[in-house]
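Chemist: Below is the structure I would like to discuss, written out as structure tokens.
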Amino acid sequence: MTAQLTAAASRYVNRKVRALKGTTNGGWQPRTWQLYHAVPEVRFAATYMANGMAGATLYAARRADDGTIEPAPDTHRASEIVQQIAGGPDGQSKMLGAFGKHLTVPGEGWIVVRPNADVLSPEVPEDGHDWRVLSTKEVSQKSGKLTAEIDGEEIEIPPGDEETLDPDSPVALRVWEPDPEQSIEADSPVRASIDLLEELLLLNAAVKAIARSRLTGRGILLVPKGVRFPTRPGQGEAEDDLIEVLMMIAETAIREPESAAATVPIVLEVPADSISDFKLLTFESTFDELALKLREEAIKRFATGLEMPAELLLGMGDTNHWGAWMLTSEAIRMGIEPKLQTVCHALTQQWLRPLLQAENIDDWHRWLVWYDTAGLRVRTNRSETALQAYDRGVISAEALRRETGFEESDAPTPEEQEARKPKTPNDQQQDQDQGQGEGEDAPRPKPDLPVDETQEEPDTLPASARPVPSAGLLAAADGLIWGALSSAGDKLIRTPACPRSERARAREIQAAALHTEIRVEPGQVEQFRLLDGAWSRVPEIAKRYDLDPACLTAALDAYARELIAAGIEHDYDHVPAVLTSCVGLAA
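Each residue of the sequence shown is one higher than the one before, starting from 1 at the first, in my numbering.
What follows is the structure in structure tokens.
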């Protein structure tokens, strides 16, 4: 990439940077980073977003006239520019992961791009560029110029005026979640929870104090007979003041939590006429239990304020694997993908399009940086789904081995396949005759085993006793699948998988069967969102037939995806097998 192109991006960015003067982000953003380091729940939420975004991939795309996003050809200049972002896929993964935390905590981050000839980074080609993701604390504005702190060194980023522009100067890209009230300022879910998290820190301190309190934990044991305080070694018969005794015991308990002072109550003797029996005097407070409840409530409120399902922070509990898959999918759709769109928008507006415009690309405004999250949507039940699809003849043995984690070298040899074929009665008789003809040394056939005459019920039901989906459920599921495939077909026509020259012919094909005519890769089902919104009625159907809605959604979705990816038409006879796992779970 030439210095002139870098300068083009720099001019665009610095015009925008001037608008940052007077923003008030600095008041609350440092506090969000303090909470990130002090509250484990904040760190977990930010790290979850970071790990999710790091699993996405960036690519160059073009927005068509109908609004769809089409991947750019590999030979197009836009693809070349996007491939060079952050030095390639590895650097892009780290960059996206860093913004997962920046956009969750302070809602803002910076990218500083410098020619590697000045940096001499061993991880980047000498004629390439060094990309750094910096926090708001590492970037400051002074006298109309940005100053970035990189590896302890302050780097000045000058304004992009054409008269004074240095083509080799660094470029700064600001990436932020706009505040809905004042878009130039940043916003984040942690910002809205600052007061709540402050309360959580106070409750944590209260619980910590309760745990450390010697008096609250063990109390004082009152014993009849004359009043006498415990004495220390070497003190003789002298008695300590009660306050001194309590302070000494408390200090010992805190310093040595496993000592006797921390586990045994203080013993005091009092006149027999004062108490009739041993009595344990405690200093417990009703606030002790209340503090724990308030802390749990504060954590729940923080979890509901995040841009991901609260169960991911609070724990899955009794959620089964179908529900866990749905929660993960929801986190990708509602939390991770919107942040990816924020990063892609910044890279498009502040990097890609200015460079394309500087090269005089006619339709520079149509090209954009986009993302692919297909790799994040690997379902936990994919192996089971692959086995079921293979049994129905939907996928090949090669696909089955791939989805269950085996290599092609694990495939059986032709001899092994022949040996595993079921033998006919004629084959068995032939083997028996051959064994008898080999003499007395030949292995004799095994005798018939005795019949099991036990009166106990078997642990498992015979195949005929397994739950069978009702006719109504089969019809409802068939309608849902047909509707999902029809919706997917309507969307498929408007995607790059269907060339414009073929769209007229494609409209004459039944929408539910269009995937059998147009090749769709497994990842494109998610990329083109072919099944988005297809299962909105599943909870209603599941409730009607007393099924787990998460299980039913996952089963139907997995079946539809396999059909589309394999290019196979839906068959009503497959529906009972699709529903078997959910019906069995309900039974």
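Just so you know, even glycine gets a beta-carbon here, dropped at the ideal spot from N, CA and C. It should be emphasised that the depicted structure is a prediction, and the values quoted were computed from it without experimental measurement.
Can you give me the C-alpha to C-alpha distance between I210 and A542, rounded to a whole angstrom?
Modeler: Position 210 of the sequence shown, counted from the start, is the residue given in the question as residue 210. Position 542 of the sequence shown, counted from the start, is the residue given in the question as residue 542. Cα-Cα distance, rounded: 47 Å.
Chemist: Cutting at 6 Å between CB atoms, please list the residues of its own chain near G375, excluding the five before and the five after it.
Modeler: Walking along the sequence shown from the start, residue 375 turns up at place 375. Excluding residues within five positions, the ones whose Cβ falls inside 6 Å are G55.
Chemist: With DSSP as the reference, label P115 as helix, strand or coil.
Modeler: Along the sequence shown, one-based indexing puts residue 115 at 115. Strand at P115.
Chemist: DSSP three-state call for E70: helix, strand or coil?
Modeler: Counted from its first residue, the sequence shown places residue 70 at position 70. In the structure shown, E70 sits in a strand (DSSP, three-state: E or B).
Chemist: Can you tell me where the alpha helix (DSSP H) with W482 in it begins and where it stops?
Modeler: Mapped onto the sequence shown, residue 482 falls at position 482. First-last of the alpha helix (DSSP H) with W482: 471-492.
Chemist: Going straight from the alpha carbon of D372 to that of Q341, what length do you get?
Modeler: Sequence index remark: in the sequence shown, residue 372 carries index 372 (1-based). Sequence index remark: in the sequence shown, residue 341 carries index 341 (1-based). Whole-angstrom Cα-Cα distance: 11 Å.
Chemist: Which word fits H37, buried or exposed, when buried means at least 16 other C-beta atoms lie within 10 angstroms of its C-beta?
Modeler: Taking the first residue of the sequence shown as 1, we reach residue 37 at position 37. Label assigned to H37: exposed.
Chemist: How should V578 be labelled, buried or exposed, when 16 other C-beta atoms within 10 angstroms of its C-beta is the threshold for buried?
Modeler: On the sequence shown, residue 578 is found 578 positions in, with the first residue counted as 1. Burial call: buried.
Chemist: With distances taken Cα to Cα, identify the nearest neighbour of A513 among A399, K491, R31, Q524.
Modeler: As a position in the sequence shown, residue 513 is number 513, starting the count at 1. When each option's Cα is compared against that of A513, the closest is K491.
Chemist: Would you tell me roughly how many angstroms separate the C-alpha atoms of I332 and P71, rounded to the nearest one?
Modeler: The sequence position of residue 332 within the sequence shown is 332, counting from 1. The sequence position of residue 71 within the sequence shown is 71, counting from 1. C-alpha separation (whole angstroms): 21 Å.
Chemist: Counting C-beta neighbours from all protein chains within 10 Å, is the total for S588 16 or more, i.e. buried, or is it exposed?
Modeler: For residue 588 there is no data in the structure shown, the boundaries of the chain being 1 and 587.
Chemist: Comparing C-alpha positions only, which one of Q527, L306, G27 sits nearest to Y59?
Modeler: In the sequence shown, the residue the question calls residue 59 occupies position 59. The residue with the shortest Cα to Cα distance from Y59 is Q527.
Chemist: What number of angstroms, rounded off, separates the C-alpha of I155 from the C-alpha of R114?
Modeler: Reading the sequence shown from its first residue, position 155 is the one you call residue 155. Reading the sequence shown from its first residue, position 114 is the one you call residue 114. Answer to the nearest angstrom: the Cα atoms are 10 Å apart.
Chemist: When the distance is taken between beta carbons, is V42 closer than 8 Å to V190?
Modeler: For the purposes of this step, residue 190 is identified with residue 190 of the sequence shown, where counting begins at 1. For the purposes of this step, residue 42 is identified with residue 42 of the sequence shown, where counting begins at 1. Yes; because the gap between Cβ atoms is below 8 Å, this pair is in contact.
Chemist: Less than 8 Å separating the beta-carbons of A64 and V105?
Modeler: The residue you call residue 64 lines up with position 64 of the sequence shown. The residue you call residue 105 lines up with position 105 of the sequence shown. Taking 8 Å as the Cβ cut-off, A64 and V105 do not qualify as a contacting pair.
Chemist: Is the beta carbon of W110 sitting closer than 8 Å to the one on R31?
Modeler: Mapped onto the sequence shown, residue 110 falls at position 110. Mapped onto the sequence shown, residue 31 falls at position 31. It is not a contact, given that the beta carbons lie outside the stated cut-off.
Chemist: I need the straight-line Cα distance from R529 to S487, nearest angstrom please.
Modeler: In the sequence shown, counting from the first residue as 1, residue 529 sits at position 529. In the sequence shown, counting from the first residue as 1, residue 487 sits at position 487. Going from the Cα of R529 to the Cα of S487 covers about 10 Å.
Chemist: In three-state terms, what does DSSP make of L215?
Modeler: Along the sequence shown, one-based indexing puts residue 215 at 215. Here the model assigns L215 a pLDDT of 49, short of 50, so the residue's position is not dependable, and the following value carries that caveat. In this structure, L215 counts as helix in the three-state DSSP scheme.
Chemist: Within the chosen definition, does the stretch 77-90 reach the stretch 355-365 through at least 3 CB pairs nearer than 8 Å?
Modeler: Contact between the stretch 77-90 and the stretch 355-365 is present, because at least three Cβ pairs lie under 8 Å.
Chemist: What number of angstroms, rounded off, separates the C-alpha of P40 from the C-alpha of R132?
Modeler: Translated into the one-based positions of the sequence shown, residue 40 becomes position 40. Translated into the one-based positions of the sequence shown, residue 132 becomes position 132. C-alpha separation (whole angstroms): 26 Å.
Chemist: Please work out which residues of its chain come closer than 7 Å, Cβ to Cβ, to R537, disregarding the five sequence neighbours upstream and downstream, and give them in chain order.
Modeler: Translated into positions along the sequence shown, residue 537 becomes position 537. Within the same chain, R537 has close Cβ partners L480.
Chemist: Look at the alpha carbon of R544 and the alpha carbon of T553, and state the distance between them as a whole number of angstroms.
Modeler: Translated into positions along the sequence shown, residue 544 becomes position 544. Translated into positions along the sequence shown, residue 553 becomes position 553. Approximately 14 Å between the Cα atoms of the pair.
Chemist: Taking the alpha helix (DSSP H) that Q357 falls in, what are its first and last residues?
Modeler: Position 357 of the sequence shown, counted from the first residue, corresponds to residue 357. 353-358 is the extent of the alpha helix (DSSP H) around Q357.
Chemist: On a Cα-Cα basis, can you pick out the residue from H129, L103, I69 that is closest to F85?
Modeler: Counting from 1 along the sequence shown, the entry for residue 85 is found at position 85. For the sequence presented, residue 85 should be read as Ile rather than Phe. Cα-wise, what sits closest to I85 is H129.
Chemist: Alpha carbon to alpha carbon, how far is A386 from E415? Give it in angstroms, no decimals.
Modeler: Position 415 of the sequence shown holds residue 415. Position 386 of the sequence shown holds residue 386. Approximately 25 Å between the Cα atoms of the pair.
Chemist: For V575, I'd like the list of residues in its chain whose CB is within less than 6 Å of its CB, leaving aside the five on either flank, ordered along the chain.
Modeler: Along the sequence shown, one-based indexing puts residue 575 at 575. Counting only Cβ-Cβ distances below 6 Å, and skipping sequence neighbours, we find L474, A477, D478.
Chemist: Going by C-alpha distance, which of T348, G305, S501, R507 is nearest I81?
Modeler: By 1-based counting over the sequence shown, the position of residue 81 is 81. Comparing Cα positions, the closest option is T348.
Chemist: Grouping DSSP H, G and I as helix and E and B as strand, with all else coil, what is H76?
Modeler: For this step, residue 76 is matched to residue 76 along the sequence shown. Looking at H76 - three-state DSSP - the assignment turns out to be coil, as it is neither helix nor strand.
Chemist: Cα separation between A555 and D573?
Modeler: Along the sequence shown, read from residue 1 onward, the residue named residue 555 stands at position 555. Along the sequence shown, read from residue 1 onward, the residue named residue 573 stands at position 573. Near 15 Å, if we compare the C-alpha coordinates of D573 and A555.
Chemist: Within its chain, find whatever has a CB closer than 7 Å to the CB of G107; leave out the 5 residues flanking it on each side and keep chain order.
Modeler: Reading the sequence shown from its first residue, position 107 is the one you call residue 107. If we look at G107 and ignore the five residues flanking it on each side, its Cβ neighbours are W176, E177, A186, D187, S188, R191.
Chemist: P89 to G305, Cα distance in whole Å?
Modeler: Within the sequence shown, residue 89 is the residue found at index 89, counting from 1. Within the sequence shown, residue 305 is the residue found at index 305, counting from 1. Going by the C-alpha atoms only, they are around 32 Å apart.
Chemist: Is D573 helix, strand or coil by DSSP?
Modeler: In the sequence shown, residue 573 corresponds to position 573, counting from 1. Here D573 sits in helix by DSSP.
Chemist: In whole angstroms, what separates the C-alpha of T216 from that of M49?
Modeler: Indexing the sequence shown from 1 puts residue 216 at position 216. Indexing the sequence shown from 1 puts residue 49 at position 49. At T216, the pLDDT of 49 sits below 50, so the modelled position is not reliable; the number obtained from the coordinates is stated separately. If you take the alpha carbons of T216 and M49, they lie about 41 Å apart.
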